[in-house]
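With the numbering used here applied, the sequence shown covers 349 to 758.
Virtual Cβ for every residue (Gly too), placed ideally from N, Cα, C.
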Amino acid sequence: MQSTGPARRPDQNGEDGPDGRWTTYPGAPVDTRRQLLVKLMWTSVWAFYLLYPVQDLATGQHTTAGTVAGAALLVVFLAAYMSLVVIRNTRRIGSSRQYLPFALILGIAVGTSIGLGEAWLTLFTYTSVCAALVLPGRKALVGVGTVTAVFALIGFATGAEHTTLVAVGLPCLLAGFAMYGMQRLVATMRELREARTAVAHLAASEERLRLARDLHDLLGHSLSLIAIKSELAGRFMDAGKAAEARAQVADIEQVARQSLTDVREAVSGFRRPTLPVELAAARTALSASQIELDADPRLADERPDLGTEETGALAWALREAVTNVVRHGVGATRCTVHLDETWEDDGRYAVLEIVDNGPGPGKALPGNGLSGLRERLEQVGGRLDTGPANRGKGFRLRALVPLRPGPSGE
349 MQSTGPARRP DQNGEDGPDG RWTTYPGAPV DTRRQLLVKL MWTSVWAFYL
399 LYPVQDLATG QHTTAGTVAG AALLVVFLAA YMSLVVIRNT RRIGSSRQYL
449 PFALILGIAV GTSIGLGEAW LTLFTYTSVC AALVLPGRKA LVGVGTVTAV
499 FALIGFATGA EHTTLVAVGL PCLLAGFAMY GMQRLVATMR ELREARTAVA
549 HLAASEERLR LARDLHDLLG HSLSLIAIKS ELAGRFMDAG KAAEARAQVA
599 DIEQVARQSL TDVREAVSGF RRPTLPVELA AARTALSASQ IELDADPRLA
649 DERPDLGTEE TGALAWALRE AVTNVVRHGV GATRCTVHLD ETWEDDGRYA
699 VLEIVDNGPG PGKALPGNGL SGLRERLEQV GGRLDTGPAN RGKGFRLRAL
749 VPLRPGPSGE
């Protein structure tokens, strides 16, 4: 059977502490009886200051009316103080509902100190704490200072002893500042929690974006190749060439299995494409489309100045470019892949250029593949350039990624 207890509200100032339990500082919201008891015990530590006015009433030095009025005002003061410190909801800092009990507390502290004597000056310590709780932001510091100044003014005006002024004035000032510091600490904890949540959401969004790019690039290339080989298999079957048709079906099976492996690796985040592997896949895809591949032999060489992430970005660029040639390069008969390096204003870059002799880019808008590829390259400090190859014919894709400095510090 599920619990029907009150729901916890971790988004308020009384959020979970580092150990997973709710903090019990004054003013944190109370949801359970246990929290209320802990809060009362925590607050009762400061109750000894109330012994001074209680003792003053017990001495009998006041009239009966004064004693009764003092006792009643002390009860009202304590109730208003508890409403702010113990059961206050901190999400309403600075609201009019809190200003009223605070004004009542301040008025009782001033009135009893003037009318009943210096023993009641201790109420200003509680008033200072309430000022730090009620007033928003840095206004709380001004409020604490103002309450302390009022305390000092009344103390001097009523002729209180200097020892009393020091013994009560310092706690009045320090307790208010301590409460302000605790309020700021809890607010910072809440902001850090919200920041961690935001970072987690951003990380999840980035992971979804990475997965979307990987799946688009992987499946777009593989499905295009499967479609081409399926069409070839159908033509061979119509022509009665069973052996050639079976070969195409076997290739389709191999591509499908490899695609399944690639998708699993992409989901797990372990896929790291390389130029030699993508070059072999490009040769297969272009050959199936009867497009000749002219590949730079340096693509098979290992380059120490090219990092793993940069190599992966170039490999994705090769895959996306070949996929576009197969899909959109209608009439293309040749595809050239060239790897070189160039100097830019901010350093040395590796340049992978893929050019076909098809009809060119036309007026079509770039699709998700090129947008995702541009994001991949930008993540490693590179960039993507696309456009017509020669006099408006053909399509050129240039992917640039930074190279590591050589041994000579280039």
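Straight-line Cα distance separating residue j from residue i
{"i": "R561", "j": "A629", "result": "18 Å"}
{"i": "L398", "j": "R538", "result": "33 Å"}
{"i": "L623", "j": "K741", "result": "26 Å"}
{"i": "G382", "j": "L388", "result": "A quick correction: the sequence has Arg, not Gly, at residue 382. The alpha-carbon atoms of R382 and L388 are separated by roughly 10 Å."}
{"i": "R724", "j": "A661", "result": "6 Å"}
{"i": "I702", "j": "T671", "result": "11 Å"}
{"i": "Y447", "j": "P484", "result": "11 Å"}
{"i": "F504", "j": "L489", "result": "23 Å"}
{"i": "P750", "j": "V492", "result": "58 Å"}
{"i": "A604", "j": "H569", "result": "11 Å"}
{"i": "A427", "j": "S461", "result": "18 Å"}
{"i": "Y474", "j": "F425", "result": "9 Å"}
{"i": "N437", "j": "M527", "result": "Any answer about N437 is weak, because its pLDDT of 46 lies below 50 and its placement is not dependable; what the coordinates show is given next. Each residue's Cα considered, the two are about 16 Å apart."}
{"i": "G585", "j": "P753", "result": "The identity of residue 585 in the sequence shown is Met, whereas the question assumes Gly. When rounded, the distance between both Cα atoms is 55 Å."}
{"i": "L765", "j": "I574", "result": "Here the chain covers residues 349 to 758 and nothing more, so residue 765 does not appear."}
{"i": "V611", "j": "A680", "result": "29 Å"}
{"i": "F499", "j": "A546", "result": "45 Å"}
{"i": "L627", "j": "A648", "result": "8 Å"}
{"i": "A590", "j": "A633", "result": "21 Å"}
{"i": "G735", "j": "E658", "result": "22 Å"}
{"i": "M530", "j": "I502", "result": "28 Å"}
{"i": "C520", "j": "A420", "result": "23 Å"}
{"i": "L580", "j": "A593", "result": "7 Å"}
{"i": "L654", "j": "A548", "result": "31 Å"}
{"i": "V433", "j": "R486", "result": "19 Å"}
{"i": "V402", "j": "R532", "result": "34 Å"}
{"i": "A636", "j": "G708", "result": "21 Å"}
{"i": "R631", "j": "D642", "result": "9 Å"}
{"i": "L687", "j": "A543", "result": "43 Å"}
{"i": "Q606", "j": "A598", "result": "12 Å"}
{"i": "R696", "j": "A737", "result": "24 Å"}
{"i": "V685", "j": "V674", "result": "14 Å"}
{"i": "G507", "j": "L469", "result": "12 Å"}
Residue burial classification, residue i (beta-carbon count within 10 angstroms, cutoff 16)
{"i": "K577", "result": "buried"}
{"i": "R746", "result": "buried"}
{"i": "P652", "result": "exposed"}
{"i": "F450", "result": "buried"}
{"i": "Q596", "result": "buried"}
{"i": "L748", "result": "buried"}
{"i": "Q638", "result": "exposed"}
{"i": "R739", "result": "exposed"}
{"i": "F743", "result": "buried"}
{"i": "F396", "result": "exposed"}
{"i": "E509", "result": "exposed"}
{"i": "L454", "result": "buried"}
{"i": "L422", "result": "buried"}
{"i": "W664", "result": "buried"}
{"i": "L557", "result": "exposed"}
{"i": "T496", "result": "buried"}
{"i": "L518", "result": "exposed"}
{"i": "P621", "result": "buried"}
{"i": "S476", "result": "buried"}
{"i": "T411", "result": "exposed"}
{"i": "T690", "result": "exposed"}
{"i": "R583", "result": "exposed"}
N-terminal and C-terminal residue of the beta strand (DSSP E) that residue i is part of
{"i": "Y397", "result": "No beta strand (DSSP E) holds Y397; DSSP gives it neither H nor E."}
{"i": "L641", "result": "640–643"}
Opening and closing residue of the alpha helix (DSSP H) in which residue i lies
{"i": "I502", "result": "487–505"}
{"i": "W794", "result": "What the structure shows of the chain is the stretch from 349 to 758, and residue 794 is not part of that stretch, so it cannot be assessed."}
{"i": "R752", "result": "Neither: R752 is in no alpha helix (DSSP H) and is coded neither H nor E."}
{"i": "V416", "result": "412–433"}
{"i": "V670", "result": "656–676"}
{"i": "A479", "result": "471–482"}
{"i": "S635", "result": "623–636"}
Residue i - partner residues in DSSP beta bridges
{"i": "N738", "result": "K741"}
{"i": "I702", "result": "V685, L745"}
{"i": "R561", "result": "Bridge partners of R561: none, in fact."}
{"i": "G695", "result": "E692"}
{"i": "R731", "result": "L748"}
Any non-hydrogen atom of the ligand SAH closer than 7 Å to residue i Cβ
{"i": "S570", "result": "The ligand SAH is not among the ligands present in this structure, which contains no ligands whatsoever."}
Please confirm if the region 512–521 is in contact with the region 533–549, defined as three or more CB-CB distances below 8 Å between the two stretches. Fewer than three Cβ pairs drawn from the region 512–521 and the region 533–549 lie within less than 8 Å of each other, which leaves the two stretches out of contact.
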